[in-house]
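Protein sequences appear in the order of chains C and F.
Residue numbers for the first sequence follow my numbering, beginning at 25 and rising by one.
Residue numbers for the second sequence follow my numbering, beginning at 1305 and rising by one.
For reference, the structure discussed in these notes is given below.
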Amino acid sequence: MTIPSSYSEYYGDETRWFIGVVLDVNDPLQLGRVKVRIHGIHTSNVIDIPQGDLPWAQTVLPVTEGGVSGLGANVGIKPQSQVFGIFLDGKNSQLPLVMGSIPKIESLSAAATAERKVLDITTGNVKPETQTGTSLTGADLPSLDNSSYVKPVSAVGAPPTVQLNSNGRKTYLQCPIDEKLPGQSNSEKAFTFFLTPEGGGYTPMQSAGIVGNLLQESGFGGDIQPAIVNSIGATGIAQWLNTKWENRRDNMKNFAAERNIPWFSVIAQCLFIKYELDTYGYFGKKGILNSRTVDEAAEIFCLKYERPGAHEANIPKRQKYARELLEKMDYS
Amino acid sequence: MAAIKSGDPSLSNKSFYFPSIILTTDRIANKEFDLAPVTVELEIFENITNPYLTGNLVFIDSNSILGGVDIIGGEKITVTIQSTKPGTFPIEKTFYIKAVNNAKRVNNSNEVISLSLIEDVAFISALHNVNKSYNGTCGEIISSIADSYLRKNISQVGEDFQRKFKVIIPNLAPLSAIQWIKRKATNSLGFPFYLYSTLVGDDLVFTDLTSLMDQNAMNTAAFGTDQSQANTGSSVVAQRRTVLSYDYSNNDDLHSLIAGGVVGSKHISIDTMTGRPKEFNFDVNADALLKYKAALTTKDLRMLPFDSEFKYNNESLSTYKSRTIAQVMSSGAYMTESYNKDLSYNQEDTAEGYKRKIVAESMWNFLLKSVSSWTINGFDFIDGYHNTSIGRVINLKVSSNTDGTNTEDAKQSGDHLIIANRHKFTTDGYYIAMSGAKLGSVK
């Protein structure tokens, strides 16, 4: 493409249209704007263009809506919807305007079909997804002929992935559903997950900042442990806890159950982290997306998402874990 | 105009030599071909609007280089040029073969080969696609792209005024991306920035119009069209400073500038986030040229390239709004607070900010309103230790048409900004065809 031409004409004379995928609908200004990753303009490489750097696209509402004074319907576009729009600034392509969504077949290919399969924890079989809105990717879901770990969500106590080794110490087996996630360890799997669009499209530094916290919270044997439960009931990689104000641990388990994924899997808990970050602004997603260093990301995730007591925070240690992970993943 | 004849080496093909012109290709490892002995002509083109050089190389092929090397385009040619003047430095530039212009057979054993060359930075740039987000000032983003994709330093002169902004480069080659970002940059007066590569120097130069025009001329003795100084009885310096040919054509087209809206116009900047358009008028005299005149510290301009005394119905031409130009400049793409913490590419904080863009567009056009071209001996321009070509100011003395008085033509004489050069190294000598822009006169 050549350099966009000089701006000396009427703005309507130079129009460029696009198709993209909505990634975020939580407009901080509550004006119905959405973040769209536009095919052919915004690379899918989340390192070059992190989700946080994507522009907010205004949206067009039908003429049957008020249009002033806050009157009219809300924008109903959901994340992952395919949208059509135009660039208000033509070939400069910095100001997208979404004009509508384009319904699509959600299982076009074998890969796409696989992506829509979920685990049935009552049978242990992989089955087509019946729920909408989940972003669980099942392309790599293993078959579960002997899924000993599959238990009803309401089961009390530690899942059967916890075993005692020859020294009588607890060890944690990897949940089979996580086996095909990319990465050698749970930490690497989580790190990679947060880089993907399904994981939020964070930068490597931001993702390491998140996982550095998880290592501090649930680190055991040098890795994050989704099945770990501490003495007061804090559970999983982020050590979710029920308190009198909120029931984040149960929320996590229910979230996993609604999606038919074992709650003690890395994928379930990473998805839950993404869900909480996307849904509740106070958990600090914006700050994480705007962070420019791994230390900054680790600190924001600690203060906004984990919110530990002052004596438990030990932010330098979380930052150290994050930096080490980043280096290990060759991103330092 | 007559060619100069003298025995001095600086006036002949003894004024320079090629220490080497090395052709290498990845197809033939560990082997290089020195074309210097067979080169009959080398042309190198500089332009202030281009961040790379181009050229043409003509050599006589009596060793089957074209066929033996199997030149297919993309071969590297490193040219080294050295002045014969004592104390000078060699100039080294690396090009890639862009194309084979032609190959003409002279006889059974000789062929004249003409190659089209393009500077290495442009060739490498074409290999990359930039699709990446950036956050910074124009200068910062340009430096970042140049460093990461082209391994080039940016030498910035003058401060770009626009504050930090966020941008996603929409699939452009690095040099195109840099030029696209450069288009946003202005200095505090709204005058545009230029980005160019020079024959002497490795960095890309990023500088504003005020800095360019506010230089003293690099020559103390003017280059002149007076042919009497070309006599062999004159000093060698006087002979070298005789303009060999001079041309002033296709200039002062005020009509086109008026029609393009760069003399007087109305502008509407639309922000779809606020729904409130910003409107302002542009008058080249008040908003650009008078500020330009006041900003110059090295010269006191008496005449500007536009005069408000030009009137129609008793109104200055620049007060007529010959165009209404409306643009969507913002949709709050990066707005996450109640104020614009992060701006987008075309967005500015104020109407003055938007006006700077128009001032830049206008001054860019006005710089090209009066451009002269002349050819001179190049001996004084290849010392090799500092840039003496585009982006520098040269003083030119064009004789008036009054017989016998040897006076200057006030309009065409004076300081000119060199905006383009054609360096021609031939078996006859080294000559430069220069293009110089004049933005006002002191007389």
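Every residue gets a Cβ at the ideal spot worked out from N, C-alpha and C, and that includes glycine.
Everything numeric in this text was worked out from a predicted model, so none of it was measured.
**Report entry** Close beta carbons around GLY90 (chain C), own chain, < 7 Å, minus the five adjacent residues each side
**Finding:** GLY96
**Report entry** Rounded separation between SER1368 (chain F) and PRO1323 (chain F) - CA only
**Finding:** 22 Å
**Report entry** Neighbourhood of ARG272 (chain C) by C-beta, 6 Å cutoff - its chain only, sequence neighbours within 5 removed
**Finding:** TRP264
Query raised in the report: Going straight from the alpha carbon of ASP1518 (chain F) to that of PHE1469 (chain F), what length do you get?
Result: When rounded, the distance between both Cα atoms is 29 Å.
Query raised in the report: With distances taken from CA atoms, which of C:TYR226, C:THR67, C:GLY305 and C:SER117 is nearest ARG2 (chain C)?
Result: Any property of residue 2 (chain C) remains undetermined from this structure, which presents chain C solely from 25 to 356.
Query raised in the report: Which residue's Cα is closest to the Cα of LYS328 (chain C): C:ALA81, C:LEU313 and C:TYR306?
Result: That would be C:TYR306, whose Cα lies nearest to the Cα of LYS328 (chain C).
Query raised in the report: In chain order, what residues of the region 1452-1481 of chain F put their CB closer than 8 Å to some CB of chain C?
Result: LYS1470, VAL1471, ILE1472, PRO1474, ASN1475, LEU1476 and SER1480
Report task. Note down the Cα distance separating VAL1383 (chain F) from GLY1359 (chain F), rounded to an integer number of angstroms. Result -> Looking at the backbone, the Cα of VAL1383 (chain F) and that of GLY1359 (chain F) are separated by about 11 Å.
Query raised in the report: Are the region 1723-1742 of chain F and the region 1552-1568 of chain F in contact at 8 Å, needing three or more beta carbon pairs?
Result: no
Report task. Report back the beta-carbon spacing between VAL70 (chain C) and VAL60 (chain C) to the nearest angstrom; my notes put them in contact at under 8 Å. Result -> Not confirmed; about 14 Å, so no contact.
Query raised in the report: Cα-Cα, which of F:ASN1699, F:ILE1662, F:ASP1684 and F:THR1654 is closest to SER1676 (chain F)?
Result: F:ASN1699
Query raised in the report: Taking the C-alpha atoms as reference points, what is the distance between THR1711 (chain F) and THR1546 (chain F)?
Result: 15 Å
Query raised in the report: Taking the beta strand (DSSP E) that ILE1472 (chain F) falls in, what are its first and last residues?
Result: ILE1472 (chain F) -> beta strand (DSSP E) spans 1469-1472.
Query raised in the report: Going by C-alpha distance, which of C:VAL235, C:GLU282 and C:CYS326 is nearest ARG347 (chain C)?
Result: Check the Cα spacing between ARG347 (chain C) and each of C:VAL235, C:GLU282 and C:CYS326: the tightest is with C:VAL235.
Query raised in the report: Under the three-state reduction of DSSP, which class applies to TRP287 (chain C): helix, strand or coil?
Result: coil
Report task. Please determine if the region 1626-1633 of chain F and the region 1456-1466 of chain F are in contact, where contact requires at least 3 C-beta pairs separated by less than 8 Å. Result -> no
Query - Own chain, CB closer than 6 Å to TYR226 (chain C), minus 5 neighbours either side, in chain order - result: PHE218
**Report entry** In DSSP terms, what ASN1439 (chain F) is bridged to
**Finding:** F:LYS1470.
Query - Interface partners of ILE1574 (chain F) on chain C, CB under 9 Å - result: In chain order: TYR35 and LEU112.
Report task. Give a yes or no on whether the C-beta atoms belonging to GLN230 (chain C) and ALA322 (chain C) are separated by under 7 Å. Result -> no
Report task. Assign PHE1393 (chain F) to buried or exposed, taking buried as 16 or more other Cβ atoms, counted over all protein chains shown, within 10 Å of its Cβ. Result -> When all chains shown are included, PHE1393 (chain F) counts as exposed.
Query raised in the report: Is any heavy atom of the ligand FAD found at a distance shorter than 6 Å from the C-beta of TYR1498 (chain F)?
Result: Ligands are entirely absent from the displayed structure, and the ligand FAD is therefore not among its contents.
**Report entry** Proximal chain F residues relative to THR67 (chain C), where beta-carbon distance stays under 8 Å
**Finding:** ASN1435 and LYS1436
Query raised in the report: Which runs of the beta strand (DSSP E), 3 residues or longer, sit entirely within the region 1511-1559 of chain F?
Result: 1549-1552
Query raised in the report: Do you know offhand how far PHE1427 (chain F)'s Cα is from SER1501 (chain F)'s?
Result: 14 Å
Requested in this report: Compare the C-beta of SER117 (chain C) with all C-beta atoms of chain F and state if any pair is closer than 7 Å.
Outcome: yes
**Report entry** Separation of PRO332 (chain C) from PRO1496 (chain F), as counted between CA atoms
**Finding:** 52 Å
Query - Where the alpha helix (DSSP H) containing PRO340 (chain C) begins and where it ends - result: Secondary structure note for PRO340 (chain C): its alpha helix (DSSP H) is the uninterrupted segment 339-352.
Query raised in the report: Under 7 Å between C-beta atoms, does ASN1650 (chain F) make it to chain C?
Result: With 7 Å as the cut-off, ASN1650 (chain F) counts as an interface residue toward chain C.
Query raised in the report: CB-CB under 7 Å to VAL1746 (chain F), same chain, minus the five flanking residues each way: which ones, in chain order?
Result: LYS1603, ASP1604, LEU1605, ARG1606 and GLY1718
Requested in this report: Kindly list, in the order they appear in chain C, the residues whose Cβ is closer than 7 Å to that of ALA1637 (chain F).
Outcome: Against chain C, the beta carbon of ALA1637 (chain F) has neighbours under 7 Å at PRO79, TRP80, GLN118 and LEU119, listed in chain order.
Query raised in the report: Helix or strand or just coil, what does DSSP make of PHE1670 (chain F)?
Result: helix
Query raised in the report: Leaving out the 5 sequence neighbours to the left and right, which residues in its chain are closer than 8 Å to PHE1527 (chain F) when beta-carbon positions are compared?
Result: ARG1545, THR1546, VAL1547, TRP1678, ILE1680, ILE1698, ASN1699, LEU1700 and LYS1701
Report task. Return the CA-CA distance between ILE1376 (chain F) and LEU1421 (chain F), expressed in angstroms with no decimal places. Result -> Their backbone Cα atoms lie some 13 Å apart in a straight line.
Query raised in the report: What's the call for GLN54 (chain C), buried or exposed, on a 16-neighbour Cβ count within 10 Å?
Result: exposed
Query raised in the report: Going by C-alpha distance, which of F:ASN1435, F:ILE1723 and F:VAL1461 is nearest SER1452 (chain F)?
Result: Considering only alpha carbons, the answer is F:ASN1435.
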